[in-house]
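In the working numbering, the protein residues as written are 243 to 345.
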């Protein structure tokens, strides 16, 4: 098992419905319940470091990744936290994505 940890890359690849590829820090991905289960369980994703989202658009997946970096950066911040902007037309799709990912 120790060899498996040494082979893991610091980033994972997320693939949207349109086959767009977005990279996410493994450390940040492990903070998300659903992604952690996929990466640490007996799933194909844990071996490949690739997670496919066939029902999530590239724009929604990109916004989710931006949010995860935002959340990581500001979660223990003692200063004023800037607003994370979401356009009204993005809201429903992002709500579905956040619900699926538990983030």
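The C-beta atom is built at its ideal place from N, Cα and C for all residues, glycine as well. Note that the structure is a prediction, hence the values are computed from the model and not measured.
### Query
In whole angstroms, what separates the C-alpha of residue 305 from that of residue 287?
21 Å
### Query
Going by other Cβ atoms of all chains shown within 10 Å of its Cβ, with 16 needed for buried, is residue 274 buried or exposed?
Classification of residue 274: buried, given that the 10 Å Cβ count is 16 or more.
### Helix, strand or coil at residue 322 [DSSP, three-state]
coil
### Task
Buried or exposed for residue 244, please, with buried defined as at least 16 other CB atoms from any protein chain shown within 10 angstroms of its CB.
At residue 244 the pLDDT is 44, less than 50, meaning the model places this residue with poor confidence and gives no usable figure here.
#### Entry: C-alpha distance - residue 246 paired with residue 255, whole-angstrom precision
The predicted model places residue 246 with a pLDDT of 48, which falls under 50 and marks its position as unreliable; any figure quoted below should be read in that light. So the two alpha carbons sit approximately 17 Å from each other.
### Message
My output table needs one value for residue 266: the three-state DSSP class, helix, strand or coil.
### Response
strand
### Query
Beta carbon of residue 300, beta carbon of residue 341: below 7 Å?
no
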